[in-house]
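Below: the structure, in structure tokens.
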Amino acid sequence: MPLSHGQFFGVQDSEQATVIVGGGAAGLMCGIMTARACAQLGLNHRITIVDGAKKIGAKILVAGGGRCNVTHHKVLPKDYAGASRNAIKRVLKAFNEQETIKFFEELGVVLKQEDTGKMFPVTDSAQTVLSALVNECDRLGVKIVNPWRAGSIESDGDGFVIHPSDDRNTSIACDRLVLATGGMALPRTGSDGAGYRFAKKFGHSVTDRVFPSLVPLVVDKSDTWVKELSGISARVTIEVRSGTGKRLASFNNELLCTHFGLSGPGVLDISRWYLDAKHNDADAALIINWLGDGRFDELDQDLQQLGKRTVAGWLRDQLPERLAKSLCEQADVDPSTPGHAITREQRRSLIRILTECPIAIERDRGFTFAEVTAGGVPLSEVTTSTMQSRVCDHLWMIGEILDVDGRIGGFNFQWAWSSGTVAGRAIAASLSAG
Ligand SMILES: Cc1cc2nc3c(=O)[nH]c(=O)nc-3n(C[C@H](O)[C@H](O)[C@H](O)COP(=O)(O)OP(=O)(O)OC[C@H]3O[C@@H](n4cnc5c(N)ncnc54)[C@H](O)[C@@H]3O)c2cc1C
Numbered sequence: 377m378p379l380s381h382g383q384f385f386g387v388q389d390s391e392q393a394t395v396i397v398g399g400g401a402a403g404l405m406c407g408i409m410t411a412r413a414c415a416q417l418g419l420n421h422r423i424t425i426v427d428g429a430k431k432i433g434a435k436i437l438v439a440g441g442g443r444c445n446v447t448h449h450k451v452l453p454k455d456y457a458g459a460s461r462n463a464i465k466r467v468l469k470a471f472n473e474q475e476t477i478k479f480f481e482e483l484g485v486v487l488k489q490e491d492t493g494k495m496f497p498v499t500d501s502a503q504t505v506l507s508a509l510v511n512e513c514d515r516l517g518v519k520i521v522n523p524w525r526a527g528s529i530e531s532d533g534d535g536f537v538i539h540p541s542d543d544r545n546t547s548i549a550c551d552r553l554v555l556a557t558g559g560m561a562l563p564r565t566g567s568d569g570a571g572y573r574f575a576k577k578f579g580h581s582v583t584d585r586v587f588p589s590l591v592p593l594v595v596d597k598s599d600t601w602v603k604e605l606s607g608i609s610a611r612v613t614i615e616v617r618s619g620t621g622k623r624l625a626s627f628n629n630e631l632l633c634t635h636f637g638l639s640g641p642g643v644l645d646i647s648r649w650y651l652d653a654k655h656n657d658a659d660a661a662l663i664i665n666w667l668g669d670g671r672f673d674e675l676d677q678d679l680q681q682l683g684k685r686t687v688a689g690w691l692r693d694q695l696p697e698r699l700a701k702s703l704c705e706q707a708d709v710d711p712s713t714p715g716h717a718i719t720r721e722q723r724r725s726l727i728r729i730l731t732e733c734p735i736a737i738e739r740d741r742g743f744t745f746a747e748v749t750a751g752g753v754p755l756s757e758v759t760t761s762t763m764q765s766r767v768c769d770h771l772w773m774i775g776e777i778l779d780v781d782g783r784i785g786g787f788n789f790q791w792a793w794s795s796g797t798v799a800g801r802a803i804a805a806s807l808s809a810g
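Written out as structure tokens, the structure reads:
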């Protein structure tokens, strides 16, 4: 059967067409930016986004606790892991956080900055963000087709034919293909790693390891006391150290004790570094400074000057009471001991637990509870000025399918907006170049 471009089989049409597989943050942005750039260049181009999900934009809706942390007031390459920072920088620079703020403002979504630097819509509603993107797609004539899950994709010489995963839908042909299928985090939203299979088919590789990032950690049986503190949070410094004691990564942020172990932004941020280190070094460890910036010498002096004041009284100013009590138990120090009665050994033991507390981790909570994916298609396999594949003509890749993951704070969405924009503009430029 002769194929029509940009239309489902059976409809004759000679226009050129782009199909974006995946209508998450990156796919929607790419659709909008392709359409805008084509309009500017006076090109008539058909753009279709297909998405397997019944409801589009599930991840945008759950993000930031339903408020959607759209970006961060300052986005730097060091906020990311995976690909080379120079390569990440080139993409971020082409559409930075200020441009994101302006873009959303023009769509009627005003963003506000919180103390942490995170940017949220002033409505505190993720739906505002999703509606703005979908409405802009509508206004520009970008067609969103869902649920429409790609099962396989073939190259047909001039372009691609995308076959649906079930026979309720018909195949679709295009001459420009964008893979915006995300990674594997929160697979119930439809991002289950299918995109890696498509990328491999067209000659790409996927990093040896693809693992959860920004993921809560399950504490080992040997440290069940942490689980007993479920509901307690503290601002801590949390580190990953190698077996030889070298500090590999460190974050200062909130930690939340839960019924299974550890969560909260500090833990989510360190998780990918811990999992990565542990993979290569069985002795790598997670170390917590419960006082955030508590230093051994200063604390030792404080304790020596306590006089009649009890350890519990001293700790009350710095930590939640239940946590303080539990840490005293771990250090084998009675919290009701007055300062003048603490032995040197007890002081050392307590300070060590307060500032250098190793927590044994059994495992991470997996992709079901992860916010993002570490690993993916190496960024070096696309040209960063266009996001176009270096190995397959007329193929683009954007967003989380690539080996780029950011820390908590709006960095992952910024990656989606930036990479989606770069690809959209490049697709239009490639059309005008003939
Ligand atoms: C709970 C949670 C909270 C988060 N909060 C934030 C936050 O506040 N700020 C932030 O910056 N980041 C946050 N993130 C991360 C952020 O959501 C992602 O990094 C971002 O959404 C990735 O965008 P994407 O478009 O690349 O992929 P996705 O959003 O995963 O979109 C991929 C889309 O492709 C579709 N798809 C997949 N395979 C197929 C197929 N075969 N055929 C058709 N369609 C397919 C999926 O249905 C999906 O809609 C959060 C993530 C989670 C899970």
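FYI, the working numbering numbers position 288 of the sequence shown as 664, with every residue one higher than the one before it.
From the three backbone atoms N, C-alpha and C, an ideal C-beta is built for every residue, glycine too.
Alpha-carbon to alpha-carbon, residue j and residue i
i	j	result
Arg632	Thr394	Contrary to the premise, residue 632 reads as Leu rather than Arg in this sequence. Approximately 44 Å, taken between the alpha carbons.
Ile784	Ile774	19 Å
Thr634	Ser606	4 Å
Lys431	Ser501	17 Å
Gln681	Asn472	51 Å
Ser380	Cys550	Confidence is the limiting factor: at Ser380 the pLDDT is only 42, short of 50, which leaves the residue's position unreliable and the question unanswerable from this model.
Gly800	Asp769	16 Å
Phe627	Ala707	24 Å
Lys469	Met409	16 Å
Ala792	Ala556	9 Å
Tyr650	Glu490	28 Å
Lys488	Arg723	45 Å
Arg623	Ala661	10 Å
Ser794	Val467	6 Å
Cys733	Ile727	9 Å
Ser618	Glu738	17 Å
Asp596	Ala700	21 Å
Heavy atom of ligand 1 within 7 Å of residue i beta-carbon
i	result
Glu747	yes
Asp427	yes
Phe587	no
Ile777	yes
Phe471	no
Thr713	no
Lys435	yes
Ser567	yes
Cys444	yes
Val438	yes
Arg728	no
Val780	no
Phe578	no
Val612	no
Ala750	no
Gly683	no
Val451	no
Leu632	no
Thr797	no
Arg801	no
Gly400	yes
Gly642	no
Arg564	no
In DSSP terms, what residue i is bridged to
i	result
Arg611	Glu630
Trp791	In DSSP, Trp791 forms no bridge with anything.
Gly637	Val594
Pro734	Ile663
Val753	Leu778
Asp740	Leu593
Val426	Val397 and Val521
Val758	Ser765
Pro714	Thr686
Ile477	Answer is none; Ile477 lacks a bridge partner.
Ala625	Val616
Ala457	Asp781
Val748	Ser589
Residue range of the beta strand (DSSP E) that includes residue i
i	result
Asp584	From DSSP, Asp584 is part of no beta strand (DSSP E); its letter is neither H nor E.
Gln868	Residue 868 is absent from the model: the chain starts at 377 and stops at 810.
Gly642	No beta strand (DSSP E) contains Gly642, which is instead part of the alpha helix (DSSP H) from Pro641 to Asn656.
Leu771	Leu771 to Met773
Leu555	Arg552 to Leu555
Gly442	Run containing Gly442: none in the beta strand (DSSP E); it sits in the alpha helix (DSSP H), Ala434 to Gly442.
Opening and closing residue of the alpha helix (DSSP H) in which residue i lies
i	result
Phe574	Ala570 to Lys577
Leu730	Arg720 to Thr731
Lys603	Looking at the DSSP string, Lys603 is not in any alpha helix (DSSP H), and its letter there is neither H nor E.
Phe672	Phe672 to Gln680
Lys431	That residue, Lys431, is in no alpha helix (DSSP H); it is neither H nor E in DSSP.
Ser332	What the structure shows of the chain is the stretch from 377 to 810, and residue 332 is not part of that stretch, so it cannot be assessed.
Residue-level contact to chain D via CB, residue i, 8 Å cutoff
i	result
Leu699	Within the model displayed, chain D is absent; a lone protein chain is all it includes.
**Report entry** Every unbroken beta strand (DSSP E) inside the stretch 491-545 [3 residues or more]
**Finding:** 494-497, 519-521, 526-531 and 536-540
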